[in-house]
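Comments concern the structure below.
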Amino acid sequence: MVSFLRFFINGISLGSVYAIIALGYTMVYGIAKMLNFAHGDVIMVGAYIAFCAMQYLGLPPIVAVLCAMVVCTLLGIVIEGLAYRPLRQATKLAVLITAIGVSYLLQNTALLIWSSNPKVFPSVFNVGAIRLFDGNLVISSETILTIVANIVIMIALTLFTGKTKMGKAMRAVSEDKGAAELMGINVNRTISVTFAIGSALAAIAGVLLCSSYPTLQPTTGSMPGIKAFTAAVFGGIGSIPGAMIGGLLLGIIEILGKAYISTELGDALVFAVLIIVLLFKPAGLLGKPMREKV
Amino acid sequence: MKFNKALVAMILAVVMVMGLCTAAMAEDEPLKIGVIGPFTGAAAIYGNACKYGAEVAVAEINAIGSVQIELLEEDDEHDAEKSLNAYNTVLDKGAQMIAGTTTTTPCIAVGAQAYEDRVFMLTPSASSPDVTDGKDNVFQVCFTDPAQGTASAQYISEHQLATKVAIIYNNADAYSTGIYNTFVAEAANQGLEIVSETTFTDDTTDFSVQVAAAKDAGADLVFLPIYYTPASLILATAKSMDYAPVFFGVDGMDGILTMEGFDASLAEGVFMLTPFSADAEDERTQSFVASYKELTGEVPNQFAADCYDAVWALWNASLSAGIDGSTSPEDACEMLIGQFTGDFEVIGLTGTMTWDETGAVTKTPTAVVIKDGAYVGFND
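In the order they appear, the protein sequences are chains A and B.
Residues in the first sequence are numbered from 1 upward in steps of one, following this note's numbering.
Residues in the second sequence are numbered from 1001 upward in steps of one, following this note's numbering.
The structure is reproduced here in C-alpha cells:
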C-alpha cells in the first residue's frame, strides 16, 4: 500500500511537469490553431538560461527563473514573428513542418552554445522532504513545488482567459479569426501574446523539469515535449483543464504501468491508453467535439 | 639522346648510393608503431590520453637502449573514414604495426582494412567484440564490453560487496545489454542473488520506479552497466528516496565527476570497474603518473594506461619474435600473431595480460571507489 502511494505520488509529480508543458501546447493550439512542436525546445532553452544565471552569474533561483521567463518570452515572440506569422495563410502542413524546423534549429543552436556534454541542474528548490510511514514514503520539496505551481498556473490561466480583455480577445480569435478581426481585435498581437505566455510557461516548466530530473542536454525538452503533446491531446487539445487532467493522468499511468506491469512497457502503455481514449472520445477527455460545417 | 643517358646514369647512381645508406642504417632502424586516435574533436580526451600514454612508454623503452621505437601519430577525429586515411598515412610513413585505434567505430573500419593488408593491430581501448570479431590480427588491451559484466560479478563476489543485487540497464543500448547479459550469467556462478532487474531507454528521465524496485527488493548493491548521464539521475533519485546501497558501475561511469554542476557527494562510495587507478601505490604506476603529469600537466586516466601497456606489449612481443626496424609489416603481423596467441604474457599497469585467438584479453579486474570527489583504489 505504501509503495502504491509512493508510485502514485511520483506519478502526480511527473504528471504535473507534463501538465505545465501541455498547457503551453494547448494555449497555442486553442488560439492560433497550430501545433508548436518547438515548445519542448523552448523548455530546454529556459532551463539552460536558468542554469547559466545560477551557475555563472550566481543569481538567486527566483531571479534566475525570472531571467529564463524573460528570455523565453522574447524567444517565443521572435519565433512567432519570424517563422509562423508569414505562414498565417499557408496550409497547416507548412506550419507544422516549420515548427519542426524551428525545433531542430533551437536544439542545434543549444548544441553549439552549450555543447553536448550534459550539465547537472543545481537542486535549488530542495529544502528538505516530508517523510511518512517510517521513512518509506518520501515526498521531496520539488514534487510539492511542481504540484503547487501547476495548480496556481492553471487557475491563473483560467482567470486570465475568462476575465481579462486580452483573454476575451484570445477566445474570440480562437472561435473565429476573421470575425474577430472584423470586430476590431488585433489578431497578430493576440497571437503574439499567446506565444509570449506559452513561452514564459515553458521557462517555468523547464526549471521544474530540471529540478526533478537534473540532467540538462540540448535534447532535454524533446521527449517530455512529445509526452506533453500527448497529454494535451489526451485531455482535449485547446482545453486548459483538459491539459491539466491529461498531464496528470499520463504521468500516473506511466509510473504505475512501469511499476506494476513492466518497465519496458511504460511508454507503450501511455500511448496505448491514448489510442483507446481517442477511439471513444475523438476530441479527447474534455475537448469540444467539432462539427463539420457543410 | 645523350642527355637522357646521362640523366638515367645519374639517377641510377643516386638510387644506388641511397640503397647503400639504407642498408647501412637498417641495423639501427627503430621499430615504427602507428598510433591512431581522435586528437581533436568531441572524443579528443580519449585520443590525447592515449597518445601521451604511448609517448611515456616510448621514452621509457628508448632509455633502455635496446631496440628503439619511433611513434607515427595520426589524428582520426573519431571518424571511420578519416581513421582509414590516418591508417594509410602511417603505413606510407613506414609503420610496421598499429597501436590503435583508440575508439570503437573507427577501429572496426581500420581493423577490416588491416586484416586485408595483414597489418598487426593492438587497440588500447576499442572495447566492442566487433573490433576483433573474425580478424586474427586485431587484439585488445581493454576488456571487451561483455567481459566487463563477467568481471564485475566476479569482483563483487570476491570482495563480498553484496549478496542481493539489483540491476538497472538500458535495454535500447547494445553496450548496456551486452554487459547485463554476461553479468547475469556470471552472477549465478558466483552465488549472487539478483533481486530486481529493471530497464530504461535513452529517453527516460524518471527513474523513480527503477530505484524503488531495487529498494523494495532489499538490494544492497545496484549494478549500473550504463553511461554516466542516466547514472547521475539514478544517484539523485536514490538520494531523494533515502536509499543508499552500494552503486557499482563499469567504464561508462567514468566521467561522472566531470559533469558540470554535478554534486560529487551523490557519487560518494560509488564503485567503478576500471583497469587502472592513478592512486595505486606500486612504483611503476607512480612513475608513470609522474612522467605523464610532467608531459601533460594532468593525471592520466585509463586510456593513457591502456595505451602505455599497448606499446610495451608490442615492444616485448617484437623483441621475443625477433622483429626489428627492417621487418616488413606483413612478416611482423604473422610473427606477432604467433606471439600473442602463444604463451606470451605482459605485466602492465592495467594488470597481467594474456591473449587468446579471439583477440580478447584476459586480466584480473580491479575497481576504484569514489571518495571526496576523486577515484581511490579499493583494498579490503
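All residues carry an ideal CB built from backbone N, CA and C; glycine is no exception.
Selection from the options that minimises the alpha carbon distance to residue i
| i | options | result |
| --- | --- | --- |
| A:L14 | A:A272, A:M27, A:G251 | A:G251 |
| B:A1374 | B:T1327, B:P1365, B:N1301, B:D1331 | B:N1301 |
| B:L1336 | B:D1220, B:Q1160, B:N1137, B:F1143 | B:N1137 |
| B:A1114 | B:A1290, B:P1124, B:M1097, B:T1104 | B:M1097 |
| A:M170 | A:C52, A:F8, A:S192 | A:S192 |
| B:I1069 | B:I1347, B:T1358, B:L1314 | B:L1314 |
| B:W1312 | B:N1048, B:V1056, B:F1248, B:Y1046 | B:V1056 |
| A:L265 | B:A1095, B:T1204, B:K1371 | B:T1204 |
| B:W1355 | B:T1101, B:Y1169, B:Q1140 | B:Q1140 |
| B:A1219 | B:V1376, B:V1346, B:E1197 | B:E1197 |
| B:K1293 | B:L1266, B:D1306, B:D1343, B:G1053 | B:G1053 |
| A:C67 | A:P224, A:G287, A:G206 | A:G206 |
| B:A1305 | B:F1271, B:D1173, B:G1348 | B:G1348 |
| A:I226 | A:A38, A:I9, A:S16 | A:A38 |
| A:S174 | A:F4, A:M34, A:G81, A:G284 | A:M34 |
Cβ-based neighbour list, residue i, same chain, cut-off 7 Å, excluding 5 preceding and 5 following
| i | result |
| --- | --- |
| B:Y1227 | G1252 |
| A:R6 | L137 |
| B:D1079 | P1106 |
| B:L1192 | A1153, I1156, S1157, T1163, V1165 |
| A:P214 | V120, F121, S123 |
| A:L87 | A94, V95, T98 |
| B:G1111 | M1121, V1131, K1135, V1138 |
| A:G167 | F160, T161 |
| A:A32 | I191, T194 |
| B:G1261 | none |
Bridge-paired residues (DSSP) for residue i
| i | result |
| --- | --- |
| A:R131 | A:V138 |
| A:F195 | In DSSP, A:F195 forms no bridge with anything. |
| B:W1355 | B:V1361 |
| B:M1259 | Paired residue(s): none; B:M1259 is not in a bridge. |
| B:D1075 | B:G1037 |
| B:A1374 | B:K1371 |
| A:K119 | A:L216, B:E1260 |
| B:T1120 | According to the sequence displayed, residue 1120 of chain B carries Phe and not Thr. For B:F1120, which the question treats as bridged, DSSP gives the partners B:M1097. |
| B:Y1169 | B:T1199 |
| B:F1223 | B:I1167, B:F1248 |
| B:I1194 | B:V1165 |
| B:Q1140 | B:T1123 |
Integer-rounded CB distance, given that residue j should sit under 8 Å from residue i
| i | j | result |
| --- | --- | --- |
| B:L1031 | B:G1322 | The Cβ separation is near 12 Å, so there is no contact. |
| B:V1211 | B:Y1243 | 6 Å |
| B:P1129 | B:I1179 | Wrong, their Cβ atoms sit about 12 Å apart, outside the cutoff. |
| B:D1202 | B:N1170 | 7 Å |
| B:A1109 | B:L1084 | 6 Å |
| B:G1377 | B:S1277 | 4 Å |
| A:G238 | A:M244 | Going by Cβ atoms, the distance from A:G238 to A:M244 rounds to 13 Å, so no, they are not a contact pair. |
| B:Y1046 | B:S1176 | The Cβ separation is near 19 Å, so there is no contact. |
| B:F1288 | B:F1271 | Contact flag wrong, Cβ pair sits at about 23 Å. |
Same chain, Cβ closer than 8 Å to residue i, five either side skipped, listed in chain order
| i | result |
| --- | --- |
| A:E142 | S13, S123, F125, N126, L208, S211, S212 |
| B:M1025 | In this prediction, B:M1025 has a pLDDT of 45, which is less than 50 and means its spatial position is unreliable; nothing more can be read from the coordinates. |
| A:S116 | Q217, P218 |
| B:A1023 | Low confidence applies to B:A1023: its pLDDT is 44, below 50, so where it sits in the model is not reliable, and the reading given next is rough at best. Excluding sequence neighbours, B:A1023 sits near nothing in its chain. |
| B:A1264 | L1257, I1370, D1372, G1373 |
| B:E1029 | D1324, G1325, S1326 |
Straight-line gap, residue i to residue j (C-alpha atoms, nearest Å)
| i | j | result |
| --- | --- | --- |
| B:V1131 | A:M27 | 52 Å |
| A:A22 | A:L159 | 18 Å |
| A:I120 | A:G246 | Per the sequence shown, the amino acid found at residue 120 of chain A is Val instead of Ile. Using only the alpha carbons, I get a separation of about 29 Å. |
| A:S262 | A:Y25 | 29 Å |
| A:V18 | B:I1256 | What sits at residue 18 of chain A in the sequence shown is Tyr, not Val. The straight-line gap from Cα to Cα measures roughly 28 Å. |
| A:A110 | B:S1318 | 49 Å |
| A:L274 | A:I100 | 22 Å |
| A:Y104 | A:C52 | 21 Å |
| B:G1100 | B:P1365 | 22 Å |
| B:C1021 | B:A1185 | Note that B:C1021 has pLDDT 47, beneath the 50 cutoff, so the model's placement of it is unreliable and no number is given. |
| A:T91 | A:I144 | 42 Å |
| B:A1214 | B:I1167 | 8 Å |
Proximal chain D residues relative to residue i, where beta-carbon distance stays under 7 Å
| i | result |
| --- | --- |
| B:Q1210 | In the structure shown, chain D cannot be found, because the protein chains are A and B. |
Contact set for residue i: own chain, Cβ-Cβ below 6 Å, skip 5 residues either direction
| i | result |
| --- | --- |
| B:K1093 | L1072 |
| A:V71 | I49 |
| A:A83 | T98, V102 |
| A:I130 | I139 |
| A:A231 | Y18, A22, G246, G247, L250 |
| B:Q1190 | A1153, S1157 |
| A:I43 | A202, A205, G206, G221 |
| A:G40 | G221, S222, G225 |
| B:A1049 | N1301, F1303, A1304 |
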